[in-house]
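Inspection log for the structure reproduced underneath, given as C-alpha cells.
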Amino acid sequence: MVTINIPKVLQKLTNYQEIIETKGSTIDEALNNLCESYENLKAHIYYPNGIVKSHILLAVNGNQVGSETVLNEGDSIDIIIAAAGGYS
Amino acid sequence: MLIILDEFALNMNFTNENILSDSALERVYLHSRHSYPEECCGFILNDGVKECENVQNKLHKLDPFKYPRTARTAFTFSFEDLLFLDRSFNSNNPVRIIYHSHPDLGAYFSDEDRNHAIIDGEPIYPVKHLVIDVQSTRIGCAKLFKFVNGDYQLVKLFDGKEI
Numbered sequence: 000m001v002t003i004n005i006p007k008v009l010q011k012l013t014n015y016q017e018i019i020e021t022k023g024s025t026i027d028e029a030l031n032n033l034c035e036s037y038e039n040l041k042a043h044i045y046y047p048n049g050i051v052k053s054h055i056l057l058a059v060n061g062n063q064v065g066s067e068t069v070l071n072e073g074d075s076i077d078i079i080i081a082a083a084g085g086y087s
Numbered sequence: 000m001l002i003i004l005d006e007f008a009l010n011m012n013f014t015n016e017n018i019l020s021d022s023a024l025e026r027v028y029l030h031s032r033h034s035y036p037e038e039c040c041g042f043i044l045n046d047g048v049k050e051c052e053n054v055q056n057k058l059h060k061l062d063p064f065k066y067p068r069t070a071r072t073a074f075t076f077s078f079e080d081l082l083f084l085d086r087s088f089n090s091n092n093p094v095r096i097i098y099h100s101h102p103d104l105g106a107y108f109s110d111e112d113r114n115h116a117i118i119d120g121e122p123i124y125p126v127k128h129l130v131i132d133v134q135s136t137r138i139g140c141a142k143l144f145k146f147v148n149g150d151y152q153l154v155k156l157f158d159g160k161e162i
C-alpha cells in the first residue's frame with residue numbers, strides 16, 4: 000500500500016480525507032486507483048487524454064517525480080498544485 | 000506608508016489584521032526591484048519573508064510552446080518552493096501571503112493570477128496575494144488581495160517608494 004496526500008482544495012472531493020491509502024506499483028496506477036474511488040478527482044488531475052495536467056506536480060517522499068515512477072511499499076505521494084500567474 | 004481602504008476594510012473587518020510589517024514590505028519591494036524587469040515571487044510568513052525563484056524562464060526555455068511566456072510577464076514557483084508552501088500549512092509558521100511583481104504593468108490581480116489561484120470557486124492555498132507595481136526607478140505601489148465571497152478582492156493599498 001502507498002499513501003496519497005490530497006491538497007486541501009481537493010479534499011471536498013475525497014470526503015475531506017487528507018491522506019488516502021491505495022494500491023499501485025507506479026504513480027499512475029496509484030492515481031488511477033484513487034480516481035476510481037473518487038471519480039470527481041479525475042478531471043482535476045488528468046487531461047481527457049490521460050496525461051497528468053501541467054499544473055499538477057507529483058512527489059514521492061518529498062522528491063519530484065513523473066507519473067511513470069515505480070513505487071515501493073509505504074511510499075508517500077504528494078499531489079501539489081502549481082502556484083503561478085502573470086499579467087493579462 | 001499604509002493606506003487602508005476605509006469603508007471596504009471596515010465593512011470586511013480587515014482593519015485589525017496586522018499581517019505585513021514595514022520591514023517585510025521593504026524586503027518585498029527590494030526583491031521586486033532587484034528582479035526588474037522580470038517578475039519576482041515569494042512568500043510572507045508569520046516570521047518573515049522567503050524570496051523564491053521564478054522558474055518561468057526555465058520552463059519557457061524547456062518548452063516554449065507549452066510555456067510561451069517568459070519571466071517578463073509571468074511567474075511560476077519552483078517545485079521546492081511549492082513543497083515548502085504546501086508543508087507550511089501543517090507547521091507553526093504557515094505562509095500567509097504569496098507575493099509577485101508586475102513590471103511596468105500596475106498592481107492588480109490579473110485573470111491569469113486568478114486562474115492559478117482558484118479551483119472550483121475556492122482558493123487553492125489559504126493565503127492572501129500581494130501584487131507589486133514595480134517600475135524602472137521605483138515601486139509604484141502594492142495591493143493586497145483577499146479571498147472574499149468567491150473571488151480575490153482588494154483589501155489594502157500600500158504606497159510606493161523610491162528604491
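For the record, the sequence lines run as chains A and B. Each residue of the first sequence is one higher than the one before, starting from 0 at the first, in numbering that gives the first Met the number 0. Each residue of the second sequence is one higher than the one before, starting from 0 at the first, in numbering that gives the first Met the number 0. Cβ atoms here follow ideal geometry from the backbone N, Cα and C, with glycine treated the same way.
Item to complete: Enumerate in chain order the residues of its own chain whose CB-to-CB distance from Ile123/B is below 8 Å, with the five nearest sequence positions on each side excluded.
Response: On the second sequence, position 124 is the one that residue 123/B refers to. Here the set comprises His115, Ala116, Ile117.
Which listed residue (Gly41/B, Glu161/B, Phe64/B) has its alpha carbon closest to that of Arg95/B: Counting from 1 along the second sequence, the entry for residue 95/B is found at position 96. Comparing Cα positions, the closest option is Gly41/B.
Residue from Tyr28/B, His33/B, Ile43/B, Cys39/B with nearest C-alpha to Asn126/B: Counting from one through the second sequence, the residue named residue 126/B turns up at place 127. Position check: residue 126/B holds Val in this sequence, whereas Asn was assumed. Residue Ile43/B is the option with its Cα nearest to Val126/B.
Using the DSSP secondary-structure output, state which residues sit across from Val154/B in a beta bridge. Numbered from 1 along the second sequence, position 155 holds the residue referred to as residue 154/B. For Val154/B, which the question treats as bridged, DSSP gives no partner whatsoever.
Check: Which ranges does the beta strand (DSSP E) cover as unbroken runs of at least 3 residues, wholly within the region 56-137 of chain B, from first to last along the chain?
Finding: The beta strand (DSSP E) runs of length 3 or more contained entirely in the region 56-137 of chain B are, from start to end of the chain, 73-75, 94-102, 127-133.
inquiry  = Quick check on Ala106/B - is its C-beta less than 8 Å from some C-beta in chain A?
reply    = One-based indexing of the second sequence puts residue 106/B at position 107. For Ala106/B, the answer is no, since every Cβ of chain A falls outside 8 Å of its Cβ.
Open item on the list: Assuming contact is defined by CB atoms lying nearer than 8 Å, are Lys22/A and Asn31/A in contact in what I supplied?
Closed with: Translated into the one-based positions of the first sequence, residue 22/A becomes position 23. Translated into the one-based positions of the first sequence, residue 31/A becomes position 32. The answer is no: Cβ separation not under 8 Å.
query = If you run the structure through DSSP and keep just helix, strand and coil, what is Tyr28/B?
reply = Residue mapping note: residue 28/B aligns to position 29 of the second sequence, counting from 1. In the displayed model, Tyr28/B falls within a helix according to three-state DSSP.
Notebook entry, point to check: Using the beta-carbon of each residue, which ones in chain B are nearer than 7 Å to Gly73/A?
Noted result: Within the first sequence, numbered from 1, the residue matching residue 73/A stands at position 74. Chain-ordered listing is empty here: chain B has no CB closer than 7 Å to the CB of Gly73/A, the nearest sitting near 19 Å.
| message | Less than 8 Å between the C-beta atoms of Val8/A and Ala29/A, yes or no? | response | Within the first sequence, the letter at position 9 stands for residue 8/A. Within the first sequence, the letter at position 30 stands for residue 29/A. No, Cβ-Cβ distance for Val8/A and Ala29/A is not below 8 Å.
Open item on the list: According to DSSP, is Thr13/A part of a helix, a strand, or is it coil?
Closed with: Position 14 of the first sequence holds residue 13/A. Assigned with DSSP and collapsed to three states, Thr13/A falls in helix.
Point to revise | Residues that Ile79/A contacts on chain B, provided the C-beta gap is smaller than 9 Å | key: For this step, residue 79/A is matched to residue 80 along the first sequence. Result: Phe78, Leu81, Leu82, Leu84, Asp85.
| message | Which residues in chain A have a C-beta closer than 8 Å to the C-beta of Ala73/B? List them in chain order. | response | As a first step, residue 73/B must be located in the second sequence, where it is residue number 74. Identification of chain A residues near Ala73/B by a Cβ-Cβ cut-off of 8 Å yields Ala83, Gly84, Gly85, Tyr86, ordered along the chain.
Q: Please determine if the region 100-112 of chain B and the region 127-138 of chain B are in contact, where contact requires at least 3 C-beta pairs separated by less than 8 Å.
A: Output reads yes: the region 127-138 of chain B touches the region 100-112 of chain B.
- 7 Å Cβ cut-off: residues of chain A touching Ile97/B: Indexing the second sequence from 1 puts residue 97/B at position 98. Within chain A, Ala82 have C-beta atoms less than 7 Å from the C-beta of Ile97/B, given in sequence order.
- Task: Would you list, in chain order, the members of the region 42-73 of chain A that have their beta-carbon closer than 8 Å to a beta-carbon of chain B?
- Result: Hits within the stretch, in order: His43, Ser53, His54, Leu56, Ala58, Gly61, Gln63.
Worksheet item: Hey, Gln134/B and Asp103/B: beta-carbon distance below 8 Å or not?
Response: Sequence index remark: in the second sequence, residue 134/B carries index 135 (1-based). Sequence index remark: in the second sequence, residue 103/B carries index 104 (1-based). In terms of Cβ geometry, Gln134/B and Asp103/B form a close pair [threshold 8 Å].
Cα separation between Asn12/B and Asp150/B? For this step, residue 12/B is matched to residue 13 along the second sequence. For this step, residue 150/B is matched to residue 151 along the second sequence. Residue confidence for Asn12/B is low, a pLDDT of 38 falling below 50, so the modelled location carries little weight and cannot support an answer.
Are the CB atoms of Ile19/A and Thr25/A nearer to each other than 8 Å?
As a first step, residue 19/A must be located in the first sequence, where it is residue number 20. As a first step, residue 25/A must be located in the first sequence, where it is residue number 26. Their beta carbons are not under 8 Å apart, which means Ile19/A does not touch Thr25/A by this criterion.
Less than 7 Å between C-beta atoms, sequence neighbours within five positions excluded: which residues of the same chain meet that for Ser100/B? Counting from 1 along the second sequence, the entry for residue 100/B is found at position 101. Residues Ser31, Ser34, Glu38, Cys39, Ile131, Val133 of the same chain have their beta carbon placed closer than 7 Å to that of Ser100/B, with the five preceding and five following residues left out of the count.
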